[in-house]
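For what it's worth, my numbering labels the leading residue of the sequence shown as 5, then goes sequentially.
The C-beta atom is built at its ideal place from N, Cα and C for all residues, glycine as well.
Presented below is the structure to which this report refers.
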Amino acid sequence: MKLSALAILIGTLLLAIASSGNAQTLYVGANYHPHDDKRRDKIRSDIQLMKDAGFTIVRMGHLAWDSYEPADGQFDFEWFDFVMNEMAKAEIKVILDIPIRPAPIWLHHKHPSISLVDQNGNTKYPNHRYMEDAGDPAFQKYALRFTDALTKRYGVHPALLAFGIDNESGDGPISYSEGVRQRFIAWTKNKYPDLDALNEAWATQRWSQRINDYQAIGLPVEVQPNDVPEKMLDFRRFISDEINQLLIDVMDIAHANAPQALATTNAWYYSPLKYIDYSEIAYSGKMTRHGNGFYAGNSLIQNGGILHAAFGIARIQFESTNPFWCVEFTTHSAVPNAIRKSAYTSLMLGNQMVCGWTWQSLWGGREQYLEGMLDWDGVPNRKYYEYKQIAAEFKKIEKYLPYQPKAEIGLAFSFPSQIASAHYSERHDGQLYACFETLFKRNIDSRVLDINKSQLDYKLLMVPGVAVMDEATASKIRDYVQAGGTVVMTSDSAFVNEHGQVFATTRPGMLSDVFGIRIGNHEETELLNEISPENKSGKQIELRYKNAAFNANTPRFDVIDLRGAKVLASITSLHHDYPIITSHSYGKGRAIYVGTAANGALLEPLLDDLISELGIKRGPKVPEGVLARRVDEQHTLYLNISNEAKKIQTGAKAKSLLFDKTYTSSFTLEPNEPEFIETY
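Next up, the structure:
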C-alpha cells in the first residue's frame, strides 16, 4: 500500500481525533476474519451489511500471524490493504490485532526451542493455539519483527482506531523445557544472589531439597498438589514477568510507529492454564483501552453469567479511568434478547464497545461450530438483527456515555495470593468476586486494585483472601487505617509471607496489632456440626450480628482470639460461641476482620452498616433485581435483570431517550429490559 503525503497527513489527523478518546461514541460491531475468504466481492458485501446494521467498529487480525507473513520474512499485506481501505470508505473503525500468538508453523520448524515441552518432558506439536514458549528469545525476536512490520504498515491508516496487543495473554500451557529452566535460573539468581537466601526463601530444609548450585534448580513439576509452594510461587512470578515484558515491548513498538493509535487487548489474564499478573500492565499506562471478551452464556433468565462477565471487566480495568472496550462479545446460540441484556449490563461498568464474536459462522477449525451473526452461507440471522438493534439504541444515548464509575470502595487483588491460594478451600479471586457481586447487585461502584500500586483513595478498603502479605503491603494497609480509613479483611488473608511460607508470628501476619486479634487455627464446620446443639448439618451455621440472627454456609472458619478488638458477630449454633466478625480501632481508623471466606450472606449486613456510617454513595433507589447507574444529575441508566416487571420511582417527570416515552413520577420496567431516562 502506498500512501500519499496528503493521505498520511489526513490519517494522522484522524488518529489524533480518535486517540483523544472519542469518548462520546458507543462502538458496536463485530470480529471479522477476512483471511478466511479474501474474495473482494465477499468483503464488500460483508462491509455493506455491517454498515446497514449501523456498525462502527471491527476487530481483525487476531490469531492470524501467517496470513501476513506466510513464510520467514515474506510479508504479504496487499490483500489486507484492500480490506482496510474499504473499511475507511465505509467509515468503520478498525482494531487491528498484533497477533504474535499463536506462532506460525514455519517458526516452530525453524526454531524448535519455541515449542512447548510438557511436565513429562515431551515436546508438543502445536495442534492447539498458544502452543509456544512466549519467553523464548527466538520467538520474541520474530514476534517483535512482525510487530514492527505490521504497525509501520498500518500505523497511520485512516481506518485504524487501535492496535490489539496479543490475545488472551494468560491462556495457553506453560512450557517446561530446558530453555525455560535456564531462564528461570537466571531470574532466580537475580532475585536471590545469595544461595543461603534462596534456600531460606524456598524452605529447602524440608524433604532434603537444599540447593548448593544454581544449576541444581529444577522446575516445580507437581507430583502432589502444593509440593513446593515457595518455588511454585516464584516460578509463576517468573512466567508472568516474561509475558508482561513481551507485552510492554510490543506496546512500545506500536506506540513508536503509531503514536496516535490507541492500544487495547483481550485480557484474559486469569485463564486457569497460565494466569499472569495483569496489574503490571494495568498500572503501566501503556494499555490505553483495557479490554476483554464479555461472555455471559446463552441464557436470558440466568444471571450468574452476566455477573461473572461484569466481574471480568472490573478485574481487568483496575483503577483506569479510561473507557473499557469489550472487544469480544457473545453471539453463539444466545437466547433472543440475551445479547442486548449483556450489552446494557456492560455499560454499568463504563464499557464503550460491544464487538460481537463473531461476524461469520466460521468454515473450518475447532471454532467452526460456533454461530456468528451470519450463518455459514453468509445469510444474516437473528443475532445480526439483535446487534443492529443494540447499535440503533446505543446511538440514541451515546452522547451521555460511557459511564464513569465513582467508586468509594476498593477491592484488593493480589497475584501472588492467587497463586498461593491454589489449594485453599476458596481461591483469592473467588473471594474477590464475592465482594464485587455483593456491591454490584446493590448498584454501588467499586474498583479492583493492587494495594502496592494504588493511592488507596477510598472510604472503604476490602482485602478478600489476600494470602501473601509482604512488608510493603502491610505498611500501606497500616498507614491507610492509621490515617482514618476503614478496612475489611477476610479469612486466609495475611496467611503467608512474600515467599509463600505460613507466618511463624501471630496472624494476620504483620497486621495482628492493627486488627487487635490473634488467629490461631481454623475449624471445619461440618465436623463441629456433629456436636452442634442446634442440629445443624454440613456447612450450616447460625450467626448473631448486632442482635439479629441469620443463617449462612461456610466450610471452615478462623478461631479468633481477641487482643483489643470487639466482637460484631458470633457463630451461635455450635458447642460454644465463636467470634466471627471483629472490629478494632487503630489510629484514626478501624480494622474489621471476617473469620470466613468472603460470603454475601455474611458481608451484606456488615456492608449495609458501613455504607451508611462512612457516607458511601449508593446508586439509585430501585427494587431488587434492577441494575441502575446515575450517569449525571439528569440521566439514569436502568436494566431489569429479573424475570418480573419492576416499578421504578423517578420522583420527577422524565422522558425515555430509548423509547420516546414520557413518565410522570414512575414507570414499569419489563423483565430483562433497559431504560435510559432524562429527568426534568
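(message) Tell me the residue span of the alpha helix (DSSP H) that contains asparagine 689.
(response) Absent from the model: residue 689. The displayed extent of the chain is 5 to 684, so no value can be given.
(message) For a quick check, are the C-beta atoms of glycine 168 and isoleucine 247 less than 8 Å apart?
(response) Working through the sequence shown from its first residue, we reach residue 168 at position 164. Working through the sequence shown from its first residue, we reach residue 247 at position 243. No, the Cβ-Cβ distance between glycine 168 and isoleucine 247 is not below 8 Å.
(request) Answer yes or no: does any C-beta atom of chain C fall closer than 8 Å to that of glutamate 172? (result) Of the protein chains in the structure, only one exists, and it is not chain C.
(request) Under 7 Å Cβ to Cβ from alanine 57, same chain only, skipping five residues before and after it: list those, please. (result) Here residue 57 corresponds to residue number 53 of the sequence shown, with the count starting at 1. Within the same chain, alanine 57 has close Cβ partners Tyr388, Tyr391, Lys392 and Ala395.
(request) Quick one: using the 10 Å Cβ neighbour count with 16 as the cut-off for buried, is glutamate 475 buried or exposed? (result) Here the question's residue 475 lines up with position 471 in the sequence shown. Counting Cβ neighbours within 10 Å, glutamate 475 comes out exposed, since fewer than 16 surround it.
(message) Under DSSP, the beta strand (DSSP E) around proline 583 begins and ends at which residues?
(response) Numbered from 1 along the sequence shown, position 579 holds the residue referred to as residue 583. Residues 582 to 590.
(message) Considering only their Cβ atoms, is the gap separating glycine 301 from valine 331 smaller than 8 Å?
(response) Here residue 331 is taken as the residue at index 327 of the sequence shown, counted from 1. Here residue 301 is taken as the residue at index 297 of the sequence shown, counted from 1. Result no, Cβ atoms of valine 331 and glycine 301 do not sit closer than 8 Å.
(request) Classify leucine 415 as helix, strand or coil using the three-state DSSP reduction. (result) On the sequence shown, residue 415 is found 411 positions in, with the first residue counted as 1. Strand at leucine 415.
(request) Tell me where the alpha helix (DSSP H) around tryptophan 83 begins and ends. (result) Here residue 83 refers to the residue found at position 79 when the sequence shown is read from its first residue. Looking at the DSSP string, the run of the alpha helix (DSSP H) that includes tryptophan 83 is 82 to 93.
(request) Mind reading off the beta-carbon distance from lysine 592 to glutamine 486? Whole number of angstroms is fine, and I expect it under 8 Å. (result) Sequence index remark: in the sequence shown, residue 592 carries index 588 (1-based). Sequence index remark: in the sequence shown, residue 486 carries index 482 (1-based). Yes, lysine 592 and glutamine 486 are in contact; Cβ-Cβ is about 7 Å, under 8 Å.
(request) State the Cα-Cα distance for the pair aspartate 612 and glutamate 502, rounded to the nearest angstrom. (result) For the purposes of this step, residue 612 is identified with residue 608 of the sequence shown, where counting begins at 1. For the purposes of this step, residue 502 is identified with residue 498 of the sequence shown, where counting begins at 1. Those two C-alpha atoms are separated by around 33 Å.
(request) Compute the Euclidean distance between the alpha carbons of leucine 606 and arginine 548, then round it to the nearest angstrom. (result) Here residue 606 corresponds to residue number 602 of the sequence shown, with the count starting at 1. Here residue 548 corresponds to residue number 544 of the sequence shown, with the count starting at 1. C-alpha separation (whole angstroms): 10 Å.
(request) Could you name the residues of the same chain whose beta carbon sits closer than 6 Å to that of proline 627, not counting the 5 residues immediately before and after it, in chain order? (result) As a working mapping, residue 627 is identified with position 623 in the sequence shown. Cβ neighbours of proline 627 beyond the five flanking positions: Lys650.
(request) Measure the alpha-carbon distance for histidine 580 versus glutamate 528 and round it to whole angstroms. (result) Residue 580 sits at position 576 when you count from the first residue of the sequence shown. Residue 528 sits at position 524 when you count from the first residue of the sequence shown. Each residue's alpha carbon lies about 14 Å from the other.
(message) Let me make sure I understand the geometry here. Which of Gly309, Pro678, Asn644 and Gln356 has the alpha-carbon closest to that of serine 660?
(response) Taking the sequence shown and counting its residues from 1, one reaches residue 660 at position 656. When each option's Cα is compared against that of serine 660, the closest is Pro678.
(request) Would you kindly report the start and end of the unbroken beta strand (DSSP E) that includes methionine 493? (result) Position 489 of the sequence shown, counting from 1, holds the residue named residue 493. 490 to 494 is the extent of the beta strand (DSSP E) around methionine 493.
(message) So for phenylalanine 663, helix, strand or coil by DSSP?
(response) As a first step, residue 663 must be located in the sequence shown, where it is residue number 659. Residue state, collapsed to three classes: coil.
(message) Within a Cβ cutoff of 7 Å, which residues of the same chain sit near leucine 4, ignoring the five residues on either side of it in sequence?
(response) Past the edges of the chain, shown from 5 to 684, lies residue 4, and the structure says nothing about it.
(message) Which of the three DSSP states is assigned to tyrosine 196 in this structure?
(response) Numbered from 1 along the sequence shown, position 192 holds the residue referred to as residue 196. In the structure shown, tyrosine 196 sits in coil (DSSP, three-state: anything other than H, G, I, E or B).
(message) If the criterion is Cβ atoms closer than 8 Å, does the pair serine 479 and glycine 414 meet it?
(response) The residue given as residue 479 occupies position 475 in the sequence shown. The residue given as residue 414 occupies position 410 in the sequence shown. No, Cβ-Cβ distance for serine 479 and glycine 414 is not below 8 Å.
(request) From the DSSP output, read off the bridge partner residues of serine 119. (result) Your numbering for residue 119 matches position 115 in the sequence shown. DSSP, once it has assigned bridges, lists Glu136 as partnering serine 119.
(request) Measure the alpha-carbon distance for alanine 411 versus arginine 633 and round it to whole angstroms. (result) Here residue 411 refers to the residue found at position 407 when the sequence shown is read from its first residue. Here residue 633 refers to the residue found at position 629 when the sequence shown is read from its first residue. Going by the C-alpha atoms only, they are around 12 Å apart.
(message) Taking the straight line between their C-alpha atoms, what separation do you get for alanine 314 and tyrosine 299?
(response) If you number the sequence shown from 1, residue 314 lands on position 310. If you number the sequence shown from 1, residue 299 lands on position 295. In a straight line, the C-alpha of alanine 314 is about 9 Å away from that of tyrosine 299.
(message) So threonine 192 and leucine 643 are supposed to be a Cβ contact under 8 Å. How far apart are they, rounded?
(response) Against the sequence shown, residue 192 aligns to sequence position 188. Against the sequence shown, residue 643 aligns to sequence position 639. With a Cβ gap of about 50 Å, threonine 192 and leucine 643 do not count as contacting.
(message) Rounded to the nearest angstrom, what separates glycine 434 and phenylalanine 81 at their Cα positions?
(response) By 1-based counting over the sequence shown, the position of residue 434 is 430. By 1-based counting over the sequence shown, the position of residue 81 is 77. Their backbone Cα atoms lie some 44 Å apart in a straight line.
(message) Please tell me whether isoleucine 310 and isoleucine 545 are closer than 8 Å, where the distance is taken between their beta carbons.
(response) For the purposes of this step, residue 310 is taken as the residue at position 306 of the sequence shown. For the purposes of this step, residue 545 is taken as the residue at position 541 of the sequence shown. No, they are not a contact pair.
(request) Look at valine 491 and valine 598 and say whether their C-beta atoms are less than 8 Å apart. (result) Here residue 491 is taken as the residue at index 487 of the sequence shown, counted from 1. Here residue 598 is taken as the residue at index 594 of the sequence shown, counted from 1. No, Cβ-Cβ distance for valine 491 and valine 598 is not below 8 Å.
(message) Which runs of the alpha helix (DSSP H) at least 4 residues long sit entirely within the stretch 302 to 385? Give them in chain order.
(response) 308 to 321 and 342 to 351
(request) For alanine 556, write down the residues that DSSP places opposite it in a beta bridge. (result) Taking the first residue of the sequence shown as 1, we reach residue 556 at position 552. Per DSSP, Ile545.
(request) Taking valine 485 as part of the alpha helix (DSSP H), name the residues at either end of that continuous run. (result) Numbered from 1 along the sequence shown, position 481 holds the residue referred to as residue 485. Here the alpha helix (DSSP H) through valine 485 covers 475 to 486.
(message) What would DSSP say about histidine 113, mapped onto helix, strand or coil?
(response) Taking the first residue of the sequence shown as position 1, residue 113 is located at position 109. Helix.
(request) Answer yes or no: do glycine 354 and tyrosine 407 have a C-beta to C-beta separation smaller than 8 Å? (result) What you label residue 354 is simply residue 350 of the sequence shown in a count that begins at 1. What you label residue 407 is simply residue 403 of the sequence shown in a count that begins at 1. It is a contact, given that the beta carbons lie within the stated cut-off.
(message) Quick check: the Cα distance between tyrosine 158 and threonine 335, rounded to an integer number of angstroms?
(response) Counting from 1 along the sequence shown, the entry for residue 158 is found at position 154. Counting from 1 along the sequence shown, the entry for residue 335 is found at position 331. Cα to Cα, tyrosine 158 sits roughly 29 Å from threonine 335.
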